[in-house]
Amino acid sequence: MKIVYVRSYFSSFLTLYDYLEDAFRRAGHEFYPFDYRSFLIPARIRQHSGFLNNIAISKLNREFVRLVDNVKPDLLFLMHGFTIQPSIIVELKKKHHLITVNWLCDYPKDYELACKYASNFDYFFVSGTDAMKRLRLAGHKNVHPLLFACEPLYHKPVELTHEDKRRYSSDICFIGSMYPGRLRMLEKVSDFDIAIWGPGWDKIPIGSALTALIRGGSLDVGEWVKVYSATKIVLNNISSFASYVDNMMNTRLFEILACQAFQLVDTRDDVLMHFTSGSELVCYSSIEELRHLFNYYLSHRDEAKEIAMNGYNKAIKFHTYDHRVKEIMDVIKG
Numbered sequence: 105m106k107i108v109y110v111r112s113y114f115s116s117f118l119t120l121y122d123y124l125e126d127a128f129r130r131a132g133h134e135f136y137p138f139d140y141r142s143f144l145i146p147a148r149i150r151q152h153s154g155f156l157n158n159i160a161i162s163k164l165n166r167e168f169v170r171l172v173d174n175v176k177p178d179l180l181f182l183m184h185g186f187t188i189q190p191s192i193i194v195e196l197k198k199k200h201h202l203i204t205v206n207w208l209c210d211y212p213k214d215y216e217l218a219c220k221y222a223s224n225f226d227y228f229f230v231s232g233t234d235a236m237k238r239l240r241l242a243g244h245k246n247v248h249p250l251l252f253a254c255e256p257l258y259h260k261p262v263e264l265t266h267e268d269k270r271r272y273s274s275d276i277c278f279i280g281s282m283y284p285g286r287l288r289m290l291e292k293v294s295d296f297d298i299a300i301w302g303p304g305w306d307k308i309p310i311g312s313a314l315t316a317l318i319r320g321g322s323l324d325v326g327e328w329v330k331v332y333s334a335t336k337i338v339l340n341n342i343s344s345f346a347s348y349v350d351n352m353m354n355t356r357l358f359e360i361l362a363c364q365a366f367q368l369v370d371t372r373d374d375v376l377m378h379f380t381s382g383s384e385l386v387c388y389s390s391i392e393e394l395r396h397l398f399n400y401y402l403s404h405r406d407e408a409k410e411i412a413m414n415g416y417n418k419a420i421k422f423h424t425y426d427h428r429v430k431e432i433m434d435v436i437k438g
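Those letters in the sequence shown? Residues 105 to 438, per this note's numbering, in order.
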């Protein structure tokens, strides 16, 4: 199948957008990525001028139409891609008789936009039950679940050198962006040996108990798999910008499992739908419980390793991006 692929997020690090693209190629599909960055005036300039922003978006949409007209794909696959005008999606679908698909990964942040946009696609995938329920209640019958996943080529346990162990080892690690909720949570467990990595932690308040625990900023995949291999417990705190409880899992949950690391994650309904707490990972619901679990699993290493291996086996068997590509195609084929 010939696929034109639109991704709306770019990073100097590998992300799920790259993993999904590779999985489609492994499945034998012809892939034609559309790169937003080639056609947009930098955001730091556009944000100060509605005129320039409109020019940039119009140019982007023209180039997108040109690519689709040249390739004549069987499938349009957008990751968000909300800068592509809905009328153009509909027009191209009619013109080329193609299938249109979108995967909303940034819920609930983009929910309102997605609610206006979803009906323009044949299939609209979401990564959590909350998004699926809300969009279906809003009248969108084309919404389907699609979980995040891991990429075993990159997400895997690794052998550590002496220098790696010196740099990355800790009892507990946390990798992720600094958000106020995470700051408050980690400060309440700062008496443990915790290594913190991620963007934004260099901006925490002066005098915070976490200052001495911060090891560094953003890490690429080649580094954070070493962190997971060097630690005894990986703490996963699934952030949410919603004013209500959002039960969606994050990408890191699957990536941690694929590294054979023991994971403590905050309790979410979606986590418990797909994994067994105490067998494949362990969920916590309060700071008091988290502190207890830290102490318990730091002193019961064999039990933690068994849970980590069970989680690894589950992730590799059911939750890779190759599995997700198959799930997408199964939905399309009906």
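Beta carbons are placed, not taken as given, at the ideal position from N, Cα and C, and that holds for glycine.
Asked	Found
Inter-residue Cα distance where the pair is residue 232 and residue 259	22 angstroms
Best match in 199, 221, 285 for proximity to residue 205 [C-alpha to C-alpha]	221
Span separating the alpha-carbon of residue 111 from that of residue 227	16 angstroms
Inter-residue Cα distance where the pair is residue 241 and residue 250	18 angstroms
Closest residue to residue 298 among 108, 309, 331, 311 (Cα-Cα distance)	331
Whole-angstrom distance between residue 343 and residue 283, CA atom to CA atom	8 angstroms
Euclidean distance between Cα positions of residue 433 and residue 292	45 angstroms
Touch test, the stretch 387–394 against the stretch 414–421, Cβ-Cβ under 8 angstroms, three pairs minimum	no
Residue 423 classed as buried or exposed, judged by whether at least 16 other C-beta atoms fall within 10 angstroms	buried
Endpoints, alpha helix (DSSP H) assigned at residue 299	From DSSP, residue 299 is part of no alpha helix (DSSP H) but of the beta strand (DSSP E) over 298–301.
Residue 116 beta carbon less than 9 angstroms from that of residue 306	no
Residue nearest to residue 439 in terms of C-alpha spacing, selected from 338, 395, 372, 311	With the chain covering only 105 through 438, there is no way to say anything about residue 439.
Candidates 187, 255, 172, of which the one nearest residue 180 by Cα	172
Span of the alpha helix (DSSP H), counted from its first residue to its last, around residue 413	405–422
Beta-carbon separation (whole angstroms), residue 460 vs residue 335, contact threshold 8 angstroms	Only positions 105 to 438 of the chain appear in this structure, which leaves residue 460 out of reach.
Identity of the residue in 271, 317, 188, 195 nearest residue 333 by Cα	271
Residue 105 and residue 190 closer than 9 angstroms at C-beta	no
Rounded C-alpha distance that separates residue 357 from residue 277	14 angstroms
C-alpha distance - residue 208 paired with residue 266, whole-angstrom precision	42 angstroms
Rounded C-alpha distance that separates residue 131 from residue 430	8 angstroms
First and last residue of the uninterrupted beta strand (DSSP E) at residue 277	274–279
Burial state of residue 347 (16 or more Cβ within 10 Å)	Only weak support is given to the placement of residue 347: the predicted model assigns it a pLDDT of 48, under 50, and the value that follows is read from those uncertain coordinates. When all chains shown are included, residue 347 counts as exposed.
Counted within 10 angstroms of its Cβ, other Cβ atoms place residue 288 as buried (16 or more) or exposed	exposed
Burial state of residue 321 (16 or more Cβ within 10 Å)	exposed
Of the listed residues 166, 118, 160, 237, nearest to residue 374 (C-alpha basis)	237
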